[in-house]
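Q: Below is a structure I'd like to ask you about.
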Amino acid sequence: MAQHAERNGTPSGQGPRRSTMPLQPPHGLKGLHIASHEQLMRALPVAAVRVAKQPGFSVMLLLNPVLALSHYGVTLSPAMRHHVLHMLRHPPALRARRDTLEASLRKTLGEPAKPLNPAWLARFVFVRQKLIALATESQKPSHRPRANAAMVAALQAGLPAPTNRYPELRHRIGVTSHLGLAPLREPPGRLDMAAPAPSLPPSAAASPATLSIEQVWFYKDLDPLVAAVVELGTIQASARRFLTPDAFRKTITGEKSTAFRGWISDLRIHDRPAGPRA
Amino acid sequence: MSRTTNFDYCVQLSIAAIRAIFHLALKNEALFPHNLGPFPRNYSGQQVSVAVALLDDMDAPADLTFGPDNQIIFALPLRLTIQVPDSPDPSLSTVSLAATVLAPGGLKTWPENGEDRLGVDFVGITAAKVQVPVVTGLPALDAHRFAAALHAKYLALPPHSFAAAGGTLVIYDGTRDATLTPPNAPGNPEITCSIVPQGAKNWLRVVLPIHASVPAAVGFSAYGSITFHREIVPGDRVVSVDMSVEPPAPLNTVVDFDTLHPAKAVVIANLTPLAIGRIAQFGPVKEPWFTDADAKQALAEEAAAYLNGRRFPLYTPHSGDPARPLATPVGFLLPADGVLAIMLNRFDTSVADAAPDAFLGGNDLALATSRRLLDETIAKAIKEKFKGLDSGASEIHTDQGDATLKSLTVTPSDPGAHGEAEGHLWTSGEAEVHIDCWPDPDVTFDGPIFLRLLVTETPDRCDFTVQPVMGEFDAGQSCCDVFVDLIIPVVGWIMLGVVETMIDKVGGELAAKFAEGEAQQVQPIPPVVVGVAELQACLESISVSSQGLMMPGKLRIRREGASFEDLQASGNLPRP
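Protein chains in written order, with this note's numbering: chain A, 1 to 278; chain B, 279 to 854.
So this is what it looks like as structure tokens:
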């Protein structure tokens with residue numbers, strides 16, 4: 001790993017962070033214009049070679065693959081840009097579910113659902129659906145188990161077993177200490193739609209002007225439409241996000257810092273796409 | 279130099295904490311009885327009794343400092359009460375010497391009940407090793423004390439009327455003998471003493487009121503006095519006056535009468551030898567006596583006698599499981615920093631044990647684990663929990679897709695390294711990310727992971743959680759959840775394991791899993807110093823550097839065992 005870091009100019013001592021160092025875009029590459037999926041598949045091996053030869057810019061493929069490919073000389077038509085970004089946002093099943101929910105909610109509501117917009121959510125719940133505000137303060141919604149639970153379990157199994165060295169003192173010791181690992185922040189994309197929401201009393205306060213997707217989760221069992229909005233919100237929240245052209249440009253120049261630029265020193269793409277995974 | 283030298287763990291305690299434990303040890307009557315004796319002692323052939331009292335209060339506080347050569351210098355307030363048993367007036371022949379002696383105690387490890395204990399051992403201490411800077415209570419030559427002794431002697435030596443050479447000599451001492459005839463002169467004069475320095479010597483000048491009646495000497499009958507001098511001889515811890523040694527003129531014994539009787543001179547001439555003989559009957563007068571050097575030597579001897587063989591523990595790890603013995607703790611004092619460093623788990627026996635660097639700062643305690651062990655633990659965890667990683671095939675499944683972690687290294691790094699102001703775990707690796715219908719990218723990554731310790735403290739709880747934080751990630755960057763899911767659990771759980779192992783190995787306790795979650799009840803250091811104190815450690819933060827992990831904290835210390843006051847209240851003080 002140290003070899004990669006040095007090759008890519010990672011600061012190994014005092015100095016600026018990698019994420020704020022300007023990136024040198026690839027250069028001297030012949031332009032390829034892509035207007036169809038088939039053309040894209042044929043172009044990818046070429047792009048893989050170009051990335052391998054000039055890997056310093058490769059991290060930008062994670063931030064916006066369409067814009068990054070254009071810097072590697074592979075430009076996509078507007079339709080293909082939309083196709084690629086839409087395809088990469090979710091695995092196929094989730095993508096289909098999102099499309100279904102967005103379409104049905106738009107039809108029912110007469111406008112696009114905006115489940116990640118707190119003000120829109122509050123209006124939707126309290127004004128349109130006329131639900132009474134619940135006392136959700138200090139309540140925590142349920143989240144689906146992390147997909148890396150097996151990994152965590154394996155690591156947890158390696159912790160030292162209790163030793164209980166001072167059982168005779170346990171009843172006497174006035175102060176007890178507990179040691180654990182701080183839980184990871186639970187992202188809204190992992191809200192558990194299958195878990196029942198607890199029955200909460202009405203809030204003593206007036207209906208709030210904004211609601212987070214986590215707060216609306218407590219209303220999902222009261223109204224099927226609310227449940228649909230929350231589900232759409234979890235899907236949207238789990239989508240891969242890509243930088244806008246302006247943010248992309250600022251990231252290249254170092255004006256804008258992102259964690260990916262800070263952490264990923266290079267990226268190499270395989271010359272053939274993988275098929276759908278089970 | 280390093281925090282752990284050739285050991286895997288180091289616990290550092292502040293001198294303030296050691297002082298607190300020491301004061302509690304001093305309160306333990308079983309370890310440090312506060313009153314010993316009286317013991318018989320022979321000072322220059324004179325039998326005396328000596329009682330020793332150990333003090334530690336507001337007026338005479340005990341203290342300690344860390345000295346060189348792994349020795350703790352104890353400042354112990356002692357009081358010696360010396361009495362001469364056959365003194366004519368014991369109440370007046372008592373000397374009470376007090377001093378704060380400086381006695382070195384060795385920092386040592388000893389086995390007790392199958393466990394290793396690290397503490398202070400006074401075994402083999404001698405008077406030569408005890409310093410006595412200042413002594414109070416030194417006796418002064420006091421004429422009144424000699425007078426009191428002579429008053430007692432007077433009473434002990436009847437008769438006070440003597441017949442000789444056809445006459446009668448009566449010796450008075452105020453009204454102490456009311457049977458005398460004739461009675462004492464008007465005013466009832468007493469035996470008086472004064473001290474007369476002459477050259478390098480001090481002389482006790484004594485005046486005895488007398489009456490002499492010699493009918494054959496023209497009816498001589500008169501009151502008078504005998505004035506005599508005897509040398510005050512300071513000896514080894516005793517001062518004595520031998521009444522039988524008549525000095526030459528001009529300090530010779532003088533008899534005089536309050537009369538102008540013509541036979542006065544004759545009577546005096548005849549009476550003087552008789553008077554000297556009577557004076558000799560008072561015998562030697564002895565008082566406890568100490569020069570400054572004598573007193574210091576006596577205190578040093580008694581302090582050594584008191585301390586020799588005593589010891590008290592400072593750190594008493596307890597395995598609780600014969601199958602899992604704990605490593606013998608090895609102590610080092612760092613005098614310049616006021617730190618006691620306790621080393622555990624020697625991993626390199628090819629070099630001499632070495633004192634570590636002080637890393638305690640202004641804290642009560644701090645725990646550190648070696649870089650060697652940290653590297654070993656990380657490598658072992660990665661190898662065992664990510665089987666196939668070294669051959670490039672460890673599957674990770676996350677919500678947003680799957681990934682194959684191909685390599686992972688975690689390197690503890692100093693503040694300043696990698697452009698980070700804070701110490702961190704420099705985490706690097708390579709992964710292949712699986713994206714449906716898209717070429718799988720191979721990603722090479724590296725970056726800092728910071729460790730935080732989140733502490734929640736209440737009067738009866740001190741909970742802490744290890745929180746790994748990926749540098750440059752913030753809560754708004756949900757796009758990075760995959761990455762966080764991929765790396766944080768690995769590093770977080772490995773670090774939790776390192777911390778728990780450290781607590782386990784330094785002799786603290788990992789109690790049963792805590793029901794409220796994944797936390798485990800712990801005692802970061804051994805919670806008891808046997809018979810002395812109960813310790814409650816609360817870790818407050820965690821820091822990473824190229825030397826390993828370090829966790830500072832604070833201590834609550836309270837007394838264990840019975841104090842002098844406890845025994846006094848229950849009527850169980852030891853009897854002489």
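Glycine included, each C-beta is placed from N, C-alpha and C at the ideal position.
1. Just list the alpha helix (DSSP H) runs in the stretch 79-151 of chain A, keeping only unbroken ones of 4 residues or longer that don't cross its boundaries, in chain order.
2. Could you give the residue range of the beta strand (DSSP E) that holds LYS855(B)?
3. Distance, Cα to Cα, VAL484(B) vs VAL412(B)?
4. Under a CB-based cut-off of 8 angstroms, is ARG268(A) close to chain B?
5. Could you tell me whether the Cβ atoms of LEU222(B) and LEU643(B) are closer together than 8 angstroms?
6. Output yes if chain B places a C-beta closer than 8 angstroms to the C-beta of THR176(A); else output no.
7. Would GLY701(B) count as contacting chain A if we go by Cβ distances under 8 angstroms?
8. State yes or no: is the beta carbon of GLY262(A) nearer than 8 angstroms to at least one beta carbon in chain B?
9. Assess contact between the stretch 86-99 of chain A and the stretch 177-196 of chain A, defined as three or more Cβ pairs (one per stretch) separated by less than 8 angstroms. Is contact present?
10. Against ALA48(A), what residues of chain B qualify as contacts under a CB-to-CB distance less than 7 angstroms, listed in chain order?
11. Please report how far the alpha carbon of ALA150(A) lies from the alpha carbon of GLY383(B), in whole angstroms.
12. Do GLY158(A) and GLY775(B) have their C-beta atoms closer together than 8 angstroms?
13. Name the chain A residues that come within less than 9 angstroms of PRO411(B), Cβ to Cβ?
14. Using a Cβ-Cβ distance under 8 angstroms, would VAL777(B) count as near chain A?
15. Leaving out five residues before and five after PHE637(B) in sequence, what residues of the same chain have Cβ atoms less than 7 angstroms from its Cβ?
16. Which residues in the same chain have their Cβ closer than 7 angstroms to the Cβ of ILE351(B), if we skip the five residues on either side of it in sequence?
17. When you compare only the Cα positions, how much space is there between ASP782(B) and GLU307(B)?
18. Output yes or no for whether 8 angstroms exceeds the beta carbon distance between LEU813(B) and VAL806(B).
19. Name, in chain order, the residues that DSSP records as bridge partners for VAL608(B).
20. The stretch 146-167 of chain A: which residues have C-beta closer than 7 angstroms to a C-beta of chain B, in chain order?
21. Is the stretch 419-434 of chain B in contact with the stretch 611-618 of chain B, if contact means three or more CB pairs nearer than 8 angstroms?
22. In terms of residue numbering, what span does the alpha helix (DSSP H) encompassing ARG297(B) cover?
23. Return the bridge partner residues of TYR501(B) from the DSSP annotation.
24. Taking a cut of 8 angstroms between CB atoms, which residues from the stretch 291-322 of chain B lie near chain A?
25. Is DSSP giving THR537(B) helix, strand or coil here?
26. By the 9 angstroms beta-carbon criterion, what residues does the stretch 797-814 of chain B contribute toward chain A?
27. Got a sec, what are the start and stop residues for the alpha helix (DSSP H) TRP263(A) sits in?
28. Reducing DSSP to helix, strand and coil, say where ARG739(B) ends up.
29. Taking C-beta pairs closer than 9 angstroms, name the residues in chain B that GLY254(A) reaches, listed in chain order.
30. Pull up the CB-CB distance for VAL374(B) and GLY415(B), whole angstroms please, since I reckon it's below 8 angstroms.
31. If the criterion is Cβ atoms closer than 8 angstroms, does the pair THR251(A) and LEU191(A) meet it?
32. Just confirm the distance between the C-beta atoms of LEU88(A) and ARG240(A), as a whole number of angstroms; I'd bet it's less than 8 angstroms.
33. When DSSP labels each residue in this structure, what does THR359(B) get in the three-state scheme?
34. Alpha carbons only, please: which of HIS143(A), LEU40(A), SER104(A) and VAL46(A) is nearest the one belonging to LYS30(A)?
35. Just confirm the distance between the C-beta atoms of ASP520(B) and PRO562(B), as a whole number of angstroms; I'd bet it's less than 8 angstroms.
36. Checking contacts by CB at 8 angstroms: is SER142(A) closer than that to chain B?
A: In short, the structure shows the following:
1. Complete alpha helix (DSSP H) runs here, min 4: 92-109 and 118-122.
2. Any property of residue 855(B) remains undetermined from this structure, which presents chain B solely from 279 to 854.
3. Each residue's Cα considered, the two are about 34 angstroms apart.
4. At a cut-off of 8 angstroms between beta carbons, ARG268(A) contacts chain B.
5. One cannot answer for residue 222(B) here, as it falls past the ends of chain B, which runs 279 to 854.
6. Yes, its Cβ sits closer than 8 angstroms to a Cβ of chain B.
7. No - not a single Cβ of chain A is within 8 angstroms of the one on GLY701(B).
8. At least one CB atom of chain B sits nearer than 8 angstroms to the CB of GLY262(A).
9. Judged by Cβ distances under 8 angstroms, the stretch 86-99 of chain A makes no contact with the stretch 177-196 of chain A, as fewer than three pairs qualify.
10. For ALA48(A), the residues of chain B that pass the 7 angstroms Cβ criterion are PRO717, in the order they occur in the chain.
11. Distance between the alpha carbons of ALA150(A) and GLY383(B) is about 54 angstroms.
12. The answer is yes: Cβ separation under 8 angstroms.
13. Result: empty, since nearest Cβ-Cβ is about 40 angstroms, beyond 9 angstroms.
14. Judged by the 8 angstroms Cβ criterion, VAL777(B) is in contact with chain A.
15. Closer than 7 angstroms at Cβ, skipping near neighbours: ARG281, GLN290, ALA644, ALA646 and MET828.
16. Within the same chain, and ignoring the five residues on either side of ILE351(B) in sequence, the residues whose Cβ sits closer than 7 angstroms to its Cβ are LEU342, THR343, GLY345, LEU380 and PRO382.
17. Going by the C-alpha atoms only, they are around 32 angstroms apart.
18. Cβ atoms of LEU813(B) and VAL806(B): closer than 8 angstroms.
19. DSSP, once it has assigned bridges, lists MET621(B) as partnering VAL608(B).
20. Hits within the stretch, in order: ARG146, ALA147, ASN148, MET151, VAL152, ALA154, LEU155, GLN156, GLY158, LEU159, PRO160, PRO162, THR163, ASN164, ARG165 and TYR166.
21. No contact exists between the stretch 419-434 of chain B and the stretch 611-618 of chain B.
22. It spans 293-305 - the alpha helix (DSSP H) in which ARG297(B) sits, taken as one unbroken run.
23. BP columns for TYR501(B) point to HIS489(B).
24. Within the stretch 291-322 of chain B, no residue has its Cβ closer than 8 angstroms to any Cβ of chain A.
25. Three-state result, THR537(B): coil.
26. Per Cβ criterion, the list reads ALA797, GLN798, GLN799, VAL800, GLN801, PRO802, PRO804, PRO805, VAL806, GLU812 and GLN814.
27. That run of the alpha helix (DSSP H) goes 259-263.
28. Looking at ARG739(B) - three-state DSSP - the assignment turns out to be strand.
29. What GLY254(A) touches in chain B: nothing, since even the nearest Cβ is about 13 angstroms away.
30. Before going on, a small fix: residue 374(B) reads as Ser here, not Val. Between SER374(B) and GLY415(B) a beta carbon distance of about 5 angstroms is seen, short of the 8 angstroms cut, so the two are scored as contacting.
31. No, the Cβ-Cβ distance between THR251(A) and LEU191(A) is not below 8 angstroms.
32. For a cut-off of 8 angstroms, the C-beta gap from LEU88(A) to ARG240(A) is around 6 angstroms, short enough to register as a contact.
33. Taken through DSSP and simplified to helix, strand or coil, THR359(B) comes out as strand.
34. The candidate whose alpha carbon is nearest that of LYS30(A) is VAL46(A).
35. Between ASP520(B) and PRO562(B) a beta carbon distance of about 5 angstroms is seen, short of the 8 angstroms cut, so the two are scored as contacting.
36. No, because no Cβ of chain B sits closer than 8 angstroms to the Cβ of SER142(A).
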